[in-house]
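These notes concern the structure reproduced below.
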Ligand SMILES: Cc1ncc(COP(=O)(O)O)c(C=O)c1O
Ligand SMILES: Cc1ncc(COP(=O)(O)O)c(C=O)c1O
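Residue numbers (this note's numbering), protein chains in the order written: chain E, 1 to 144; chain D, 145 to 288; chain Z, 289 to 697; chain A, 698 to 1106.
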């Protein structure tokens, strides 16, 4: 396993980027996600209108992997429909589990493809998927 | 270890002998002794008058070692003073623990010397000493 | 299924080649604990030599690998008893801890004044004392199912004792004294109709017969690794997920928590909720290796071998007129466990004397005093077989029993 | 005391010669669990190969020998912590079970509404959650002693928190996060004046320093074998005989009973009253072998070595301006455990990255969330040394931390 395949420039950059780290004034869908065993703890906030994620943001703390993954997810789902967001989450999780391996099937994840190799670092898989599980949970609750 | 050194004729004979196995009408000192782990369970009955063990007997069940040891003890202490009985018990227990090894010091135990080798069969030491511990307990309680 | 080659199997077990009192060891105390094949010892030692780490906590390679090995062992156990989910497999130190866990976390919580707990009279102390404690604390009553003249359990007795008041039934699948195999599937079915949950004590049965928790429809099942060729210090609690989810934790501490604050704590998910403290990873790996060893031989071959041994032993014992055999006469109705008494010789003397001929058997109450009281036998001698025992060993046993008899004539 | 030859010692531990990610393993996670010397692995395997049996029950040779070996291990532990009697040594599966045993059998019985239980804020979850449970059940209150700016415990805080209402104080002798060694003898003395009993969590201290329960005057002491070069699945509870005698049993079942009748049971004598079910004989033997290995080296030599490592590590870490070290600055006031954080790098990233250089360290809350909340550090990185670590390993650590830093610049 090479570190370069995990701590890629794009992940490191996103882990430092703070542009999605904020509260949203009119968030109507807020979900906390956490990995008690390692302490990663995030809250994602969404504004969902007419089936579209109008805006999204997050707060919280954790390792570079979890923070980058969260921020990249937020970038990706902003302005997407809720159904598209769900497909993105499922695709991301399937990529991590190596259920989907074709590059072409992963294209929709854009930069988040960078997490493809995280399963080579098993202890960190939980960090990478935290935001995406939280998103799925948020949508499920919103729709319930 | 040879079985002959443990299951000696004298022990086997005494284990079968029933002459001390009875209740005493006027027993004034009764004590139960048991090894829960193997199920040996005896009751010794004593008639103590003016510091003398006037009569003694036992009931109960257990293995050949425990039954022989009990019966031989009863034979030995009958008509002895309580103090002598105590010395006998201490001597017997010291013999088993190999604290006393000199034949001459063990003579007072008469036939009960036959248990000298029981420590070669560690699982059975408890059976051999049961009656003697019970006797000491009985005397202690009587004198308390 | 691999060819059942007894010589080859015996060679897998280093302890079996040893001598005792200058005689070859004839080990007939398998209901107490079994010997371990070299593969089990190796798998444990290899773990310590190569991967030893505290699982679930480490981002480092050894920690990750220890976690994977530990969870793979859990999956091996899950598959072995056909549980639906590995969340239903809790590692404990032995069957006794598993029974106590159920008694504390399920019994103490769900059993109320006036409720009834039903056991069989032949239970092992580990499946009695925890329930006495629950019954006493909760003012519930304890009822025993008694045996018939074949030393087996008539379903009529089951229907008599399990009533609408019964909240819990706990029963060994196989008696460690009589070898009797109880009709647990029928008992579970009836108990469920009455609204009771059923605990199966598989300490004796799981090593000898295919156990399918879903087929039996057991609510809980417990067993110990050391009776199944695994190391000491590892046991298993199976519980239906739905029940485990509703139970409070038992042991508390590291690894079973989610968040700990000064005053309050939230608990981890299954199965970790019930596994406090550093787990016995080496033990779990050894148990998994034992299960794999057993599975390679297969229950079918094992059963065939054990029936052969039991049938032969019953036949030979019956030839001795001074021997009384307890338990069912039909070898198909029992596991490879035979208790007996010898006229004129106390079981402890029997055990000590045959020991000098190299024969290891057990004497006493076998941790089943209520059964012994019921049988009016304060103690018995017990032989019990496993995969590696032979017909020749039974011949040595019978010869040594004849010698015992001579001492007491 | 044998000559302290680090090369020779390292050769005793097979795991230390392994490679991780093609780099030599640098194992700095000893506070989580330690590696095992070959003698420990051998003593366990030898037991299984030659003597394996269920102790306390057999009249046969293997059973007798297993009992002797098990009891000899108990005596080794007794001598190691200088207890008065081997009746005071109870084998458990780990320190966590031992703490739970005290909480259930002593705490639940003796602590009443309005009483106070006093802990230190740096306790491990295993020494917090059982007491939260007692406090909640009994409507008692839980009070924490907080640390001063040196991350140690000022006796003034002890005098403030332990009051006439205090029934029980439970404190680790050494913190598993900060390495702080607490003044347990003084705490015991003061608590005893106030009529409270004191539990010492020796999980971290016992492996590193001579522990004399009579000198400390501890009421209870617990520790785990696996942090002391012993196998997993074995731990120890020491309790003063007088206290143990008065306590009801915890786990119930085989071996801890005297007589079992259908409705009632009388319990065995100490220490068996607290050891239900088949004990981990192999584990106890392995622990005794580890204690003997440790005793041969001697605490004096060990301490000298560990102080050297800790001093050097603190010095080298201080050279890195982006590193913040927790805990006491003086190596003499702490055990060989150092927690730290690195500016701009989360501890989990630190752990993952140094792992690729072969360095095993721990990241997270170290099962001490209340302490981490108190320190306002959700997680930290932790290194911890034992007998076999070297100065060169610290150099490798420092180099790897510098590389971590580069990733995040
Ligand atoms: C201070 C302290 N107490 C208790 C424990 C619990 O030990 P175990 O997990 O072996 O039960 C640990 C170790 O994890 C510890 O460091
Ligand atoms: C039927 C039965 N249940 C429970 C147990 C307890 O098992 P352990 O001592 O391994 O906890 C045993 C064995 O001793 C047993 O035979």
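For each residue, glycine too, the CB sits at the ideal point set by N, CA and C.
Everything numeric in this text was worked out from a predicted model, so none of it was measured.
- Per DSSP, the unbroken alpha helix (DSSP H) holding residue 884 of chain A starts and ends at 881-890.
- Here DSSP, grouped into helix, strand and coil, assigns residue 35 of chain E to strand.
- According to the DSSP assignment, residue 442 of chain Z belongs to no beta strand (DSSP E), since it is labelled neither H nor E.
- Close CB contacts of residue 718 of chain A within its chain, under the 8 angstroms cut and outside five residues either way in sequence, are with 1052, 1053, 1054 and 1055 (chain order).
- In the DSSP annotation of this structure, the continuous segment of the alpha helix (DSSP H) that includes residue 331 of chain Z starts and ends at 326-338.
- In this structure, the beta-carbon distance from residue 76 of chain E to residue 1050 of chain A does not fall below 8 angstroms.
- C-alpha of residue 199 of chain D to C-alpha of residue 225 of chain D: approximately 11 angstroms in a straight line.
- The three-state reading of DSSP puts residue 874 of chain A in coil, since its state is none of H, G, I, E or B.
- Interface residue (Cβ-Cβ distance to chain Z less than 8 angstroms): residue 267 of chain D is classified as such.
- Here the alpha carbons of residue 1015 of chain A and residue 1098 of chain A stand approximately 12 angstroms from one another.
- At the C-beta level, residue 538 of chain Z and residue 389 of chain Z come within 8 angstroms of one another.
- Between the alpha carbons of residue 804 of chain A and residue 831 of chain A lies a gap of roughly 6 angstroms.
- In this structure, the straight-line span from the alpha carbon of residue 456 of chain Z to that of residue 475 of chain Z is close to 11 angstroms.
- In the DSSP secondary-structure assignment, residue 205 of chain D is bridged to D:185.
- Distance between residue 913 of chain A and residue 778 of chain A, taken at the CA atoms: about 10 angstroms.
- Taken atom to atom, the span from the alpha-carbon of residue 115 of chain E to that of residue 128 of chain E is near 7 angstroms.
- Taken in chain order, the complete alpha helix (DSSP H) segments of 4 residues or longer contained in the segment 209-282 of chain D are 226-240 and 247-250.
- Taking the Cα of residue 27 of chain E as reference, the smallest distance to any Cα among E:134, E:48 and E:65 is reached at E:48.
- Between ligand 1 and residue 823 of chain A, a heavy atom-to-CB distance of less than 7 angstroms is present.
- Within chain A, 950 have C-beta atoms less than 8 angstroms from the C-beta of residue 387 of chain Z, given in sequence order.
- The contact set of residue 1079 of chain A on chain Z, defined by CB atoms closer than 7 angstroms, is empty, because the minimum CB distance reaches about 11 angstroms.
- Rounded to the nearest whole angstrom, the C-alpha separation of residue 1002 of chain A and residue 554 of chain Z is 40 angstroms.
- Contact of residue 66 of chain E with chain Z is not assigned, every C-beta pair being separated by 8 angstroms or more.
- With a cut-off of 7 angstroms, the C-beta of residue 346 of chain Z is classified as distant from ligand 1, since no heavy atom of the ligand falls inside that distance.
- Residues of the same chain with a CB within less than 6 angstroms of the CB of residue 520 of chain Z, apart from the 5 flanking positions on each side, are 514 in chain order.
- DSSP, reduced to helix, strand and coil, places residue 507 of chain Z outside both helices and strands of the structure shown, so it counts as coil.
- For the pair residue 1100 of chain A and residue 944 of chain A, the Cα-to-Cα distance works out to about 55 angstroms.
- The three-state reading of DSSP puts residue 495 of chain Z in coil, since its state is none of H, G, I, E or B.
- Nearest CB-CB separation between residue 312 of chain Z and chain A: not below the 8 angstroms threshold.
- At a cut-off of 8 angstroms between beta carbons, residue 205 of chain D contacts chain Z.
- Contact annotation: the segment 426-440 of chain Z touches the segment 404-413 of chain Z, with at least three C-beta pairs closer than 8 angstroms.
- In the three-state DSSP reduction, residue 423 of chain Z falls in the helix class (H, G or I).
- Ligand 2 has no heavy atom closer than 7 angstroms to the beta-carbon of residue 207 of chain D.
- With a threshold of 8 angstroms between beta carbons, residue 521 of chain Z makes contact with chain A.
- Around the beta carbon of residue 105 of chain E, fewer than 16 other beta carbons sit within 10 angstroms, so the residue counts as exposed.
- Within its own chain, the residues whose Cβ lies closer than 8 angstroms to the Cβ of residue 263 of chain D, once the five positions on either side in sequence are excluded, are 240, 241, 242 and 269, listed in chain order.
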